[in-house]
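*Asks:* Quick note, this note's numbering runs 185 ahead of the 1-based positions in the sequence shown.
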Amino acid sequence: MDIEKIILENQGTIVDVRSYGEFQGGNVAGSINIPLNEIPERIKELKALNAPLVLCCASGGRSGQAQHFLSQYGIECYNGGSWLNVNYYKSKSI
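Written out as structure tokens, the structure is:
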């Protein structure tokens, strides 16, 4: 699946896995913040979100870890990389 297409067509949910402080410093409009270290205890919440999930962070490292972890639970998700890239795609859909 093409991540840019998912974002442009407002499919799924954008999940930012950075810390709360990082998220407060800037984020993608409409995204939700679930820090990487909270993902294991919030699996039920993540499964209830509109899929596919587009995961983002500062550079793509943490979102890559989250994608690997969540895919083991059968959650359709993609590593969107940097939140700035995801934000750029999102801005094109407005």
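Glycine included, every Cβ here is placed at the ideal spot set by N, Cα and C. As the structure is a prediction and not an experimental result, all values here were calculated from the model.
#1: On the CB-based measure, 16 or more other CB atoms within 10 Å of its CB, does R227 come out buried or exposed?
#2: Under the three-state reduction of DSSP, which class applies to I191: helix, strand or coil?
#3: When you compare the CB positions of L238 and S248, do they come within less than 7 Å of one another, or not?
#4: Between the beta-carbon of G246 and the beta-carbon of S267, is there less than 7 Å?
#5: Grab me the residues of S278's own chain with a C-beta within less than 8 Å of its C-beta, minus the 5 sequence neighbours each way, in chain order.
#6: Would you mind reading off the limits of the beta strand (DSSP E) that contains S136?
#7: When we look at the beta-carbon of G259 and count the other beta-carbons within 10 Å, is it buried (16 or more) or exposed?
#8: Out of curiosity, what's the CA-to-CA distance linking V213 and E189?
#9: Can you list, in chain order, the residues of its chain with a C-beta nearer than 8 Å to that of S230? Leave out the 5 residues immediately preceding and following it.
*Replies:* The relevant details are as follows:
#1: By 1-based counting over the sequence shown, the position of residue 227 is 42. It is exposed - the Cβ of R227 has fewer than 16 other Cβ atoms within 10 Å.
#2: By 1-based counting over the sequence shown, the position of residue 191 is 6. Helix, per DSSP.
#3: For the purposes of this step, residue 238 is taken as residue 53 along the sequence shown, with counting starting at 1. For the purposes of this step, residue 248 is taken as residue 63 along the sequence shown, with counting starting at 1. Taking 7 Å as the cut-off, the Cβ atoms of L238 and S248 do not count as close.
#4: The residue given as residue 246 occupies position 61 in the sequence shown. The residue given as residue 267 occupies position 82 in the sequence shown. No, the pair does not count as a contact, with Cβ atoms beyond the cut-off.
#5: Residue mapping note: residue 278 aligns to position 93 of the sequence shown, counting from 1. For S278, where only same-chain residues beyond five positions count, the Cβ hits under 8 Å are I192, L193, E194 and N195.
#6: The structure shown does not extend to residue 136, since the chain spans only 186 to 279, so no value can be given for it.
#7: Counted from its first residue, the sequence shown places residue 259 at position 74. When all chains shown are included, G259 counts as exposed.
#8: For this step, residue 213 is matched to residue 28 along the sequence shown. For this step, residue 189 is matched to residue 4 along the sequence shown. Distance between the alpha carbons of V213 and E189: 14 Å.
#9: Translated into positions along the sequence shown, residue 230 becomes position 45. Checking the sequence shown, residue 230 turns out to be Glu, not Ser. So the qualifying residues of the chain are I219.
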